[in-house]
Amino acid sequence: MKRLLRQAALAAALCTPMFAMAAAPVIDVFKSESCGCCGAWVEHLKANGFTPRVANVANPSDYRERGGIPNALGSCHTAMIQGYAIEGHVPAADIKRLLAQKPKAKGLAVPAMPLGSPGMEGPRKDPYDVLLVQANGKTAVFKHYN
């Protein structure tokens, strides 16, 4: 009987990560209907454990403004997750790090649309920075990609 209980406890422990994955963080994505790279970024989020809720909107920049991201840091889509704004082609790993660290900030931004960032894959990879947009609107490099 003890052996069965130990086996049941082990099985439950092994299944715990599967249950945790079922509760994937929901991220609201605001994009224009015709943007293909935004759709590719959404697929990147799904592949990395997020549950995207996508809204095609007439003016995604309205959501950038609502999230407190300066227009100078703009890209083609804006997302919101757990009170943070995510602007542009931010890698899922950086969003996960943001959520784990919970800094007092408005969110993350990858300005423009750098080749090689998630959703912008292609024949080359340009270096780019993921910027942390602080509560005061200033930025700091959150992660640099070569």
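Quick note, the sequence shown lines up with residues 1 to 146 if you use my numbering. The beta carbon of each residue, even a glycine, is placed where N, CA and C say it ideally should be.
Using the DSSP secondary-structure output, state which residues sit across from residue i in a beta bridge.
i           : result
residue 90  : DSSP output for residue 90 lists no bridge partner at all.
residue 28  : 53, 80
residue 130 : 143
residue 107 : 85, 133
Cβ atoms of residue j and residue i: under 8 Å apart, would you say?
i           : j           : result
residue 138 : residue 130 : no
residue 94  : residue 108 : yes
residue 135 : residue 96  : no
Near residue i, which residues of its chain fall below 6 Å by C-beta distance, leaving aside the five closest residues on each side in sequence?
i           : result
residue 63  : 30, 78
residue 51  : 24, 26
residue 123 : none
residue 125 : 116
residue 146 : 127
Could you give the C-beta distance for residue i and residue j, rounded to a whole number, given that I count them as a contact under 8 Å?
i           : j           : result
residue 53  : residue 26  : 6 Å
residue 87  : residue 68  : Their Cβ separation, rounded to whole angstroms, is 10 Å, which puts residue 87 and residue 68 out of contact at 8 Å.
residue 119 : residue 55  : At roughly 17 Å, the Cβ-Cβ gap does not stay under 8 Å, so residue 119 and residue 55 are not in contact.
residue 112 : residue 44  : Residue 112 to residue 44, Cβ: 17 Å. No contact.
residue 106 : residue 133 : 4 Å
residue 60  : residue 32  : 6 Å
Using the beta-carbon count (16 or more within 10 Å), is residue i buried or exposed?
i           : result
residue 140 : exposed
residue 49  : exposed
residue 127 : exposed
For residue i, which residues from the same chain have a beta carbon less than 7 Å from its beta carbon, with the 5 sequence-adjacent residues on both sides left out?
i          : result
residue 42 : 29, 52, 54
residue 46 : 52
residue 37 : 76, 113, 119, 120
Please go through the same chain and pick out, in chain order, the residues whose beta-carbon is closer than 8 Å to the beta-carbon of residue i, but skip the five residues on each side of it.
i          : result
residue 99 : 25, 81, 82, 84
residue 65 : 71
Does chain B have any CB closer than 8 Å to the CB of residue i?
i          : result
residue 78 : Going by chain labels, chain B is absent from the structure shown, which holds only one protein chain.
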